[in-house]
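Residues 116 to 1078 in our numbering are what the sequence shown spells out, letter by letter.
We treat Cβ as the ideally placed atom computed from N, Cα and C, and that holds for glycine.
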Amino acid sequence: MFERNLILKHLVLKDCFLYVNTNLKFLKTGTCVQLVDCENNVFYFSIANYSSELEDNTVGISSLLAKTLGIQDNVLCRVSQITPFPSVASLTIFPVNQNDYEVIEMLSDNIQETLLNQIRIVHSGQKFVIWIGNNISATVCAGNINPLSPGAIDFLTEVHIEPVVNKTAIISSSTKEIPNTIFNFKGWNFLNENVDIAGIKQLQEHLNSSSELIFRIIPLEKLPIKQYSLQSMQSYSIFLSRKNFSDDFCEKHFSTRIFSISLLTNDVFAKDLYVKLEFFEEIEDFDFDLRQELYIGEEILNFLDCELGSRVILKSIQKYPIVNEIQINTNKNYSTDVLETFKFYLARGSDHNFVLNSGIPIDIGKNVICSLKFLPDEPRFCVVDDNLVRNCKYAINIENVVKENIRKQNSKHNNFPQNISNYKDLICDGINIFSAVDRMENVLITGKPGTGKSTVLKQIAEQLQNYPNFIFIKQVSCKTIKGKTMDSLAKFFSTVFSELLLHKPSVLILDDLHILCENVQGDEVAPNYIYFSRVSEMLHNFFQSFSHLKKIGILASSESVQKLNKNIYSSRGSHLFKNIYGIKDLMKADRISALKHLFKDFKIDEVDFNELSIKTEGFVIQDLVDFADKTVFEIYKNEPEEHNSLLLRNVYLEKALKNTIVISLQNVQLHSPGEKDFSSIGGLDNIKNVLVENLLWPGKYPNIFAGAPLRLQSGLLLYGPPGSGKTVLAAAAAKQCGMRLISVKGPELLSKYIGASEQAVRDIFQKAQSARPCILFFDEFDSLAPKRGHDNTGVTDRVVNQLLTQLDGVESLTGVCVLAATSRPDLLDSALLRPGRLDKQLLCPLPNEGERLEILKILSSNLNLENDVVLEKIAAETEHYSGADLQSLLYTAHMLTIDYSFENEQVLTQDSIITQNHLEESLQKTKPSLSSKEREKYERIYAKFQTGSSLEDLKTGTRATLA
């Protein structure tokens, strides 16, 4: 980065940019720089065009602007290049006098355009000059810059003009002054609507160096203390670990054990309480290392309404009030021995002296709730000792006393099965990273929708909150704050990060971060692009500003890193998230474990979980949960009411499976394979057998294929002359093998936009992975993947490269079979046909006489044929006809029967009878679609498709190695 001492010159200019010498060409136009003068005043500028008037080692600004800022001519300044500032959402300017205000008011309609032409960087408290024409100028001061100051103004910045200078809203630019920020804790002047990281750092320094007794709260219930050790603890007792304090410190601050405790908050009416301080060394069977934190019981937590990690202030009480009488306020329905119960409550801890507070409901034992009042002076507390127990008078007053539990209880997720997928490893790694002693690092968890990202985050959060970590967790669901304005988001996250700082060590959990920081593809001036970029830039600045604080970490989830804005995640440069983990897809064993866990409370009636796991291939954990819920619905709907236990039957599972829509397929357009299977297609027996081996067997015998030492073939190429049945064979294969079908028709993936075609290829393979088990069928494959080097635009070359990486890349195509069809295999790029990709090529030739007869029988099965029809004769006379030609022949014959009905004025019926004469006449009208020259051409192409392969080899998919 550029940093140099340069001489500042005054120039005759009419803008607020910083001009540099032509030799400093590496400082490009628009670069942000920081200028520090000889008096250590800090200013921010944007670099303008180079000026030939400047000498070496000099920079220049407008002379009027320099006088306004108080910068002398020919003074030595330090100029440093800094990272670009975020865009400013809103800006308020304050004219320094009434005359300047009148000038600015005249310019109000074009103020934004004028600012963009004359200044780019603004900072709270820094003055700048606006020129109107050649002779008129106005001096203004910047303030109330959102979301961050300094910032860069753009054409979306809202500019507000105040009529008079509001000095309290202007923050001085001097480094000697610490700006106000977002805090206003008791006695601390840290409150301002502007978001300023420096103020948060000021709070951090105050917490570290404060002479007050400020401690971090840990609920006592989170400690692994045996119950009998808690019996002696009174309601208003707090605990510290003695080993963390020196003898001198204890003698100075803990000479008395009675303290007032108050929550560190910005509420001026915050509650406080009187407590007795105890040390853990006085409790038996408690031997583990404790940090310098304050451990508090449920009574105090309820009263203060605070949570794990909250900061409290302890103030020593030197003088105790005198109490002669205690008034016990209790409910009427309690037993008459309230007085004896209360005396026993006092006697139990009077040997150690403890504290009672006035007017706060407490449980004194035997489920008796009461509140106390101390006489004669009605002090707020009293200290119980042996003398008080012996000499104090007691009075009982009947009134309604209610003890409310206002503290929120965290929901637990112990029912979550961690033994599936890589959930257990993710949770363990996340806990280890955030519980590190030296420094926390940010963690990002990725996974497709429904894979359990939110549940994993909750599991990590729950364990981080408990012993021995005691980390404060702040959870934010990005779905709930999507669409808020930049100003609202800036205020929201400033509050969130201040809370994290106050409760540290702390972790911020951002669920579905990609919703708030989406990576929008398109024009850079589009509203969505600008909005998500500005939000991401703001969060990036927050994350970076807090990265130096070792005890604040960020745990986020996203569908993928590609869906995150470049300001949050970039493939280059420094990374906000150094630890990125992905949730793996559920394997067969994972689905079996998950299904058994979901149905563990059911009475099972001959349910085959192994078969059920095969049928739920491609399901994520949320799909399995939805499937279980639908199964329960089917059981309640069909079982009699007198059945107390849920009986799980296969029939209910099948119904629920049909009604379950997989999350990954909700936006995927699947091609309907139709009703045709292999029995509906005549001929091509060898091709059918190969398809069954490659498609049906891996799903039918998964254990055998799972143990295969080599990678299975996943790509097949069907080639043959037009009309030979390649396309219909793909649909029949999907129907026959019970697989989903995604059909890509010809060059529909190609686009004129750079990168769009490759993205379309990646998307279609990603959809295929979501829809597995499925067949990904590319029709007219030669138009999508021709030989590289023959396309002037380079589009198909990049598509071929993308196809090569998808077919045989690092990512596995488990559960996806790629099937391609073409009539010109010689036009395909040879790299696509090597082993491991489309390594099995199957020739679909024109049918012979026997196959033509089979095709005619299948096609005519739904037709009404006369008894005189001899299909064998038609099959013998249709040499060189393809399957499509034979279908056209039968269609023409059917149309002849309709024409005959019209000519003879007969009633037209759907069951028109086709005679042998109709077939003979149709044969005369229907000719083979391929001429003899075209057939010879295709035969030569297929013969030369692979040197050394005979026609029979090509039919079975065998290919010799090219020399």
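| Item | Value |
| --- | --- |
| So S621 and F587 are in contact, right, with Cβ under 8 Å, and what is the actual spacing, rounded? | 4 Å |
| Do V237 and I251 have their C-beta atoms within less than 8 Å of each other? | no |
| Taking DSSP as the reference, what is the three-state secondary structure of V498? | strand |
| Going along the chain, which residues of its own chain have a beta-carbon closer than 7 Å to the beta-carbon of D741, five neighbours each way excluded? | T775 |
| So if DSSP puts H125 in a beta bridge, which residue, or which two residues, is it bridged to? | I176 |
| Just list the residues that DSSP pairs K84 with in beta bridges. | Outside the displayed range of the chain (116 to 1078) lies residue 84, so it cannot be described from this structure. |
| Nearest-angstrom Cα distance between S356 and F647? | 48 Å |
| With DSSP as the reference, label P901 as helix, strand or coil. | strand |
| Report yes or no: do three or more beta-carbon pairs, one from the segment 587 to 599 and one from the segment 679 to 698, lie closer than 8 Å? | no |
| Could I get the ranges of all uninterrupted beta strand (DSSP E) runs contained in the segment 679 to 749, with 3 residues as the minimum, in chain order? | 694 to 697 |
| Sorted by chain position, which residues of the same chain lie with C-beta nearer than 6 Å to Q407's C-beta, five sequence neighbours on each side aside? | N359 |
| Among the candidates S795, E790, K143, A743, whose CA atom is the shortest distance from the CA of N773? | Checking the displayed sequence, the identity of residue 773 turns out to be Lys instead of Asn. That would be A743, whose Cα lies nearest to the Cα of K773. |
| Checking 8 Å against the spacing of the C-beta atoms, do I973 and L1038 come in under that value? | no |
| According to DSSP, P210 sits in a beta bridge with which residue or residues? | V255 |
| Enumerate in chain order the residues of its own chain whose CB-to-CB distance from R119 is below 7 Å, with the five nearest sequence positions on each side excluded. | V194 |
| When burial is assigned at 16 or more other CB atoms within 10 Å of the CB, is P199 buried or exposed? | exposed |
| Given a cut-off of 8 Å on the beta-carbon distance, is the pair A936 and K841 in contact? | yes |
| Return the first residue and the last residue of the beta strand (DSSP E) that D626 is part of. | 621 to 626 |
| Do you know offhand how far V914's Cα is from G175's? | 52 Å |
| So, L121 versus L133, is the Cβ gap smaller than 8 Å? | no |
| Y389 and F489 look like a contact to me (Cβ under 8 Å); what is the Cβ gap, rounded to whole Å? | No, Y389 and F489 are not in contact; Cβ-Cβ is about 11 Å, not under 8 Å. |
| DSSP three-state label for C889, please. | strand |
| Taking Cβ to Cβ, would you say P1043 is nearer than 8 Å to S938? | no |
| Is the distance from the Cβ of L378 to the Cβ of I443 below 8 Å? | no |
| Just to confirm my understanding: we take N212, look at its own chain, exclude 5 residues before and 5 after, and list those with CB closer than 6 Å. What are they? | none |
| Write down every uninterrupted run of the alpha helix (DSSP H) in the segment 431 to 497 whose length is 4 residues or greater and which is fully enclosed by it, in chain order. | 453 to 464 |
| Using 7 Å as the cut-off, classify the Cβ of H618 as near or not near the heavy atoms of the ligand GTP, replying yes or no. | The model on display carries no ligand, and the ligand GTP is accordingly not part of it. |
| Spell out a yes or no on whether the segment 990 to 997 and the segment 959 to 969 are touching, meaning 3 or more CB-CB pairs, one atom from each, closer than 8 Å. | yes |
| Is the beta carbon of V499 closer than 8 Å to that of L471? | yes |
| So, at 7 Å on beta carbons, what are the nonlocal neighbours of N439 in its own chain, with the 5 sequence-adjacent residues on each side left out? | L490, P491, C507, K508 |
| Taking just the CA atoms, how far does N682 sit from K391? | 50 Å |
| Give me the residue from N725, D130, G904, Y684 with the minimum Cα distance to S651. | Y684 |
| Please state if the CB of V157 and the CB of I208 are separated by a distance shorter than 8 Å. | no |
| Please work out which residues of its chain come closer than 8 Å, Cβ to Cβ, to H528, disregarding the five sequence neighbours upstream and downstream, and give them in chain order. | Any reading at H528 must be qualified, since the residue scores a pLDDT of 49, below 50, and its modelled position is unreliable; the value itself is stated next. Closer than 8 Å at Cβ, skipping near neighbours: T570, K573, Q574, E577. |
| Kindly indicate the opening and closing residues of the alpha helix (DSSP H) around T570. | 568 to 580 |
| Specify, as a first and last residue, the run of the alpha helix (DSSP H) that Y538 falls within. | 538 to 549 |
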